[in-house]
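*Asks:*
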Amino acid sequence: MTVRQAIRPHHRAPDPEPAERPAATRPPKKPRRRGTDRKPRFAVAVTAAFFALLYIPIGVVVLFSFNSQKSLTVFKDFSLRWYKEFFADDALIESLGMSLQVSLVAMAGSLILGVTLALGMVRSRSRFGSLAGLIMLVPLVTPEIVTGVAAMLLFKGMGITLSTGTVMLAEITFSISYVTVILRSRIAALNPEVEEAAMDLGATRWQALRLVTLPALLPSILAAAVLIFALVFDDFVLAYFTTGVDPQPLSVRIYSAIRFGVQPTINAVGTLMLAGSVGLIALALAIPRLFGRRGGLDLLSGK
């Protein structure tokens, strides 16, 4: 070994580069949260406050309907006392029967007229269909108190005494728009060639409608029927302006009783009406899905 080789500094070999970790064991990188991906805390807080203010009073009514004491502020024990008193009150039972009667008649009448009108609007080849579609939306956006006052003035002007019949007529007129809007989207989705094929096979136009079109519309018709029943049964404004002295719908009877002081029986009545309405609306939304069709929310929105 020469002197130059002896004094030359020894260079270490570079360390081998570490092997790259497999992708499966590599820790995932946390994506940076953009401003649009962050939770809108203020909006969430406002939404929570809205639902709290909306449903806490309803929960209090349901809770105190099972109170054993005649108190609306102090809850002692669970009891069915006020439900028993409700079913023992002849006036309230009579009003309940009238509300059921009005709801059934309004449901049947609005379905017959609404299905016919929806078929005419969709199948019409003139400008009448589009114009009627716009007119059908007017009752949905018009304040109900305006409709109630207008119906009362119409009956008064024609010399018709306010009674159960006037309530039925007003509710049928008001409910036609809901049925038409729900069924119009379903009818538009049907293929008219199916009816034409039935008529080519020898069926008349009425037979094609009865044997082909109406069975295809059955889920939407049932959903609309249940929804109309729930809306009419709970309706107060229109019933208040078009009802007579006696008997009165249950909603109007409750309002008349509250004016003289809130009784615990009203809590029981409100709880029963709430349970019935929620059940009917849930059934209306679930019926199309039971038939493998679109849900009630999609039908209402026209999607």
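Counting from 1091, one number per residue, gives the positions in the sequence shown under this note's numbering. No residue lacks a Cβ here, since even glycine has one placed at the ideal position from N, Cα and C.
1) Using DSSP bridges, identify the partner residues of S1168.
2) Could you tell me the boundaries of the alpha helix (DSSP H) in which R1343 lies?
3) Hey, F1176 and A1358: beta-carbon distance below 9 Å or not?
4) Taking Cβ positions, are S1200 and I1250 nearer each other than 9 Å?
5) When we look at the beta-carbon of P1339 and count the other beta-carbons within 10 Å, is it buried (16 or more) or exposed?
6) Only counting the same chain, and skipping five residues up and downstream in sequence, which positions put a Cβ closer than 6 Å to that of V1322?
7) Leaving out five residues on either side along the sequence, give the residues of the same chain with a beta carbon under 6 Å from the beta carbon of A1241.
8) Quick check: what's the CA-CA separation for K1393 versus L1153?
9) Report buried or exposed for N1157, applying the criterion of at least 16 other Cβ atoms within 10 angstroms of its Cβ.
10) Between the C-alpha atoms of L1380 and M1248, what's the straight-line distance to the nearest angstrom?
11) Let me know if P1130 comes out buried or exposed under the rule of 16 or more other beta-carbons within 10 Å of its beta-carbon.
12) Measuring CA to CA, which of L1186, A1222, L1291 and S1267 is closest to L1317?
13) According to DSSP, is L1280 part of a helix, a strand, or is it coil?
14) Among T1294, S1169 and I1148, which residue has its Cα nearest to the Cα of Q1159?
15) Exposed or buried, which one is T1237 when buried takes at least 16 other CB atoms within 10 Å?
16) For G1204, which residues of its own chain have a beta-carbon under 6 Å away from its beta-carbon, when the five flanking residues on both sides are left out?
17) Taking a contact to mean a Cβ-Cβ separation below 9 Å, would you say V1352 touches F1326 in this structure?
18) For the stretch 1270-1285 and the stretch 1299-1308, state whether three or more C-beta atom pairs, one from each stretch, are separated by less than 8 Å.
19) From the DSSP output, in three-state form, read off T1294 for me.
20) Let me check understanding here. Comparing Cα to Cα, which of V1368, I1344 and M1289 lies closest to L1186?
21) Could you check whether A1320 and I1371 sit closer than 9 Å to each other, using their CB atoms as the reference points?
22) For V1257, count the other beta carbons within 10 Å of its own beta carbon; 16 or more makes it buried, fewer makes it exposed. Which is it?
23) Just the C-alpha distance for S1367 and G1292, rounded to the nearest angstrom, thanks.
24) Identify which residue in S1155, D1180 and L1209 has its Cα closest to the Cα of L1299.
*Replies:* Considering the structure as presented:
1) Checking the displayed sequence, the identity of residue 1168 turns out to be Phe instead of Ser. Paired residue(s): N1157.
2) L1340 to I1348
3) yes
4) no
5) buried
6) S1193, A1196 and E1261
7) A1260 and T1332
8) Residue confidence is low: K1393 scores 46 on pLDDT, short of 50, so the model does not pin down where it sits. No coordinate-derived value is stated.
9) buried
10) 45 Å
11) exposed
12) S1267
13) coil
14) S1169
15) buried
16) I1266, V1269 and T1270
17) no
18) yes
19) coil
20) I1344
21) yes
22) buried
23) 45 Å
24) L1209
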